[in-house]
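Working notes, beginning with the structure itself.
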Amino acid sequence: MEKLTKEQIDKAIALLKMRPDSKLETHLNACVHCGLCASSCMYYKAMKENKFIPARKVELVASLYRRYCTLTGRVAPFLVNARELDDQMAEEMIDSLFGACTMCGRCVKHCSIGVDIAYIVHFGRRMLAAMGLVPKTLQATVDAALTTGNNMGIETSDFVDTIQWMEEELQDECGEDARIPLDETDKDILYTLNPREPKFFPLSIAAIAKIFYAAKESWTISTHMYDVTNYGLFNGNNEQAGQIAKRLHDEVIIKRCKRLVLGECGHGSRANRWEAPNYLQQPYEFETITAVELINNYIRTGRIKIDKSLNQELVTLHDPCNLVRNGGLLSELRFAVKSAVSNFVEMTPHGMDNFCCGGGGGQLAMSEYNERRIKIGEIKADQIRKTGAKVVVTPCHNCVDQLSQLNQVYHLNVKIKTIAEIVADALVLDKE
Amino acid sequence: MAELEFDGDGFLTNPDIWTEDVAKEIAKADGIEMTEKHWAVVNVIRNNFIEKGNAPMVRTICKETGLKLKDIYELFPLGPARGACRVAGLPKPDGCV
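Top to bottom, those sequences are chains A and B. Using the numbering used here, read the first sequence as starting at 1 and increasing by one per residue. Using the numbering used here, read the second sequence as starting at 1001 and increasing by one per residue.
And the structure:
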């Protein structure tokens, strides 16, 4: 890291002093150092170093707060363990807040007084972003989204070619009237994708299209803006997060669709559904729901027919942190999976207490911390192995990628599927 | 292999020093014995990278090799990105891979 300039430091401190509400102070000053968070954190559990204890991560930001925002900290910093924002501090912050946190929020649930630790970590990332210290690999993903419209830099012609290919596959199976409609207007639904689907794993697109076909849904995908991801949630730059969110918001308006449906992506669902109206400081004019909730509506209302005997293998569910602990879809995910499979087993722990896949918070993008990501993933691998399941279902493409890697490294010998894929496997199409 | 440098994810730091022997070594680390089909995939990725500076769509790989999607995932169990692109010596693609 190059030496910090005064200008960089001033920008970060200005952020610390600019407080729109009392949440930051409340949570920075509330930690009672009970240590319960330690054993909740995958990093600490896997590596047993004190710097990985969530409270230590909070303390980095809190010590800066005391140094720059309290009288005692300014006059006699040593009395209150207040720290200077210097090169050493910045390096520790990068290592702990970017490199050792998936922002899964498990520690928040275990905190004896409910400190929003993930929020503090995110605030620390904002300070680092203000200083231009976002890891290059993570920033590259945000930059790709900002400059090309999707986080993998896929060209429109390539995208269209892949969608048409998946449409042909779908038509081979379901008939000529099965379609993947591009750039249509006035539809009920604007559907979104994680760019890794068209780029490398397009079968999940065919799967959701098959479900939409069975449900006779009125839907479209925009070739201009289909990316459900928003890595601005992770890099700490809320302005960039807002720019990315606004594009998707505007696309729903331009295409005059009634609903924005978020493809199977944990952080993207959180960013677009819960955070985006805050980034943009405006309520959304349309409804935003996840693909899983939409599929469940079809099942509940009989709009699609499912025969769960078509999925006989033992299935377990991985709860994406941003959909369950931070997203409220605990029972929705279970309803979808249990509707589509004959044999289901839960992981221990699961639901609100589930362990992250290990690839959240932008970790999958940051190669420099790969070793840690695989190491903490061993906890998830053990959980999966203990279920004896042959299939792991998870409605998040980021989790899918991490789990696929864990599958190989830890020899789990399982299949990883999205909810659309497992539901499509059990779908019974009307014979006309 | 001693002189080869990889990023934290095991992708070659400098794609220019890639050779077929390097590909074989990376593949071996993933438990893959390179066959004609593996080479066909790797060559498409390599050529795309030289021409356009990025990884091709899996669509392009299928089109140019004549292989089915299923075959690609079987040949490279880690998928086109972490599996095939890594063997082809490309830098890690951005995004959720």
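Ideal Cβ positions, reconstructed from N, Cα and C, are used throughout, including at glycine.
Residue i versus residue j - alpha carbon distance
| i | j | result |
| --- | --- | --- |
| B/Glu1003 | B/Leu1012 | 11 Å |
| B/Lys1028 | A/His411 | 16 Å |
| A/Cys257 | A/Phe355 | 36 Å |
| A/Ser269 | A/Thr72 | 42 Å |
| A/Leu203 | A/Met166 | 7 Å |
| A/Cys104 | B/Glu1036 | 43 Å |
| B/Ile1045 | B/Pro1080 | 9 Å |
| A/Val61 | A/Leu260 | 36 Å |
| A/Val392 | A/His267 | 19 Å |
| A/Gly99 | A/Leu133 | 12 Å |
| A/Val292 | B/Pro1056 | 30 Å |
| A/Leu364 | A/Ile94 | 16 Å |
| A/Asp188 | A/Ile180 | 14 Å |
| B/Met1001 | A/Tyr284 | Low per-residue confidence applies at B/Met1001: pLDDT is 46, beneath 50, and the placement is therefore not dependable enough to give any value. |
| A/Thr229 | A/Thr5 | 33 Å |
| A/Lys11 | A/Leu85 | 11 Å |
| A/Asp307 | B/Ile1026 | 43 Å |
| A/Thr290 | A/Lys305 | 20 Å |
DSSP state of residue i mapped onto helix, strand, coil
| i | result |
| --- | --- |
| A/Val115 | coil |
| B/Leu1078 | coil |
| A/Glu287 | strand |
| A/Lys305 | strand |
| A/Asn311 | coil |
| A/Asn81 | coil |
| A/Cys87 | The displayed chain sequence assigns Asp, not Cys, to residue 87 of chain A. Of the three classes helix, strand and coil, the one that applies to A/Asp87 here is helix, per DSSP. |
| B/Asp1007 | coil |
| A/Val341 | coil |
| A/Trp165 | helix |
| A/Ile221 | strand |
| B/Asp1094 | coil |
| A/Asp172 | helix |
| B/Leu1012 | strand |
| A/Asp227 | strand |
| B/Thr1060 | helix |
| A/Leu36 | coil |
| A/Val428 | strand |
N-terminal and C-terminal residue of the alpha helix (DSSP H) that residue i is part of
| i | result |
| --- | --- |
| A/Val252 | Asn238 to Ile254 |
| A/Asn407 | His397 to Val409 |
| A/Tyr191 | Here A/Tyr191 belongs to no alpha helix (DSSP H); instead the beta strand (DSSP E) covers Ile189 to Tyr191. |
| A/Arg259 | Taken as a continuous stretch (DSSP letters only), A/Arg259 belongs to no alpha helix (DSSP H), being part of the beta strand (DSSP E) at Arg259 to Leu262. |
| B/Val1044 | Glu1036 to Lys1052 |
| A/Val75 | Leu71 to Val75 |
| A/Val393 | A/Val393 -> not in any alpha helix (DSSP H); beta strand (DSSP E) instead, spanning Val391 to Val393. |
N- and C-terminal bounds of the beta strand (DSSP E) containing residue i
| i | result |
| --- | --- |
| A/Ile416 | Lys415 to Lys417 |
| A/Thr102 | Here A/Thr102 belongs to no beta strand (DSSP E), and DSSP marks it neither H nor E. |
CB-CB length for residue i against residue j, believed under 8 Å
| i | j | result |
| --- | --- | --- |
| B/Ile1072 | B/Ile1061 | 6 Å |
| A/Val341 | A/Ala389 | Going by Cβ atoms, the distance from A/Val341 to A/Ala389 rounds to 10 Å, so no, they are not a contact pair. |
| A/Ala82 | A/Arg106 | Their Cβ separation, rounded to whole angstroms, is 29 Å, which puts A/Ala82 and A/Arg106 out of contact at 8 Å. |
| A/Ile295 | A/Ile422 | Not a contact, Cβ separation roughly 10 Å. |
| B/Gly1031 | A/Ser367 | Rounded, the Cβ-Cβ distance is 21 Å, inconsistent with contact. |
| A/Gly236 | A/Arg126 | 4 Å |
| B/Ala1088 | B/Thr1065 | That belief does not hold up - the Cβ atoms of B/Ala1088 and B/Thr1065 are roughly 13 Å apart, past 8 Å. |
| B/Val1097 | A/Phe159 | That pair is no contact at about 16 Å. |
| A/Ala46 | A/Glu378 | 7 Å |
| A/Thr156 | B/Arg1059 | About 13 Å; that fails the 8 Å criterion. |
> Which residues, in chain order, does the region 377-404 of chain A contribute to contact with chain B at a C-beta distance below 7 Å?
Replying inline: His397, Asn398, Asp401 and Ser404
> What residues from the region 1040-1066 of chain B come within 7 Å of chain A, judged by C-beta to C-beta, listed N to C?
Replying inline: Asn1054, Met1057, Val1058 and Arg1059
> Using Cβ-Cβ distances below 9 Å, what residues of the region 349-370 of chain A are close to chain B?
Replying inline: Gly359, Leu364, Ala365, Met366, Ser367, Glu368, Tyr369 and Asn370
> Closer than 8 Å, Cβ to any Cβ of chain A: which residues of the region 1070-1092 of chain B, in chain order?
Replying inline: Pro1077, Leu1078, Gly1079, Pro1080, Ala1081, Arg1082 and Lys1092
>> Closer than 9 Å between beta carbons: that is the criterion. Which residues of the region 185-198 of chain A meet it against chain B?
In response: Asn194, Pro195, Arg196 and Pro198
> Quick one, which residues of the region 57-87 of chain A are near chain B if we go by CB-CB under 9 Å, in chain order?
Replying inline: none
>> Using a Cβ-Cβ cutoff of 7 Å, what residues of the region 106-134 of chain A are near chain B? List them in chain order.
In response: none
> Got a sec: which bits of the region 238-252 of chain A sit with their beta carbon under 8 Å from any beta carbon on chain B, in order along the chain?
Replying inline: none
>> Give me the subset of the region 164-188 of chain A whose CB atoms are less than 7 Å from a CB atom of chain B, sorted by chain position.
In response: Trp165
> Which residues, in chain order, does the region 203-217 of chain A contribute to contact with chain B at a C-beta distance below 8 Å?
Replying inline: Leu203
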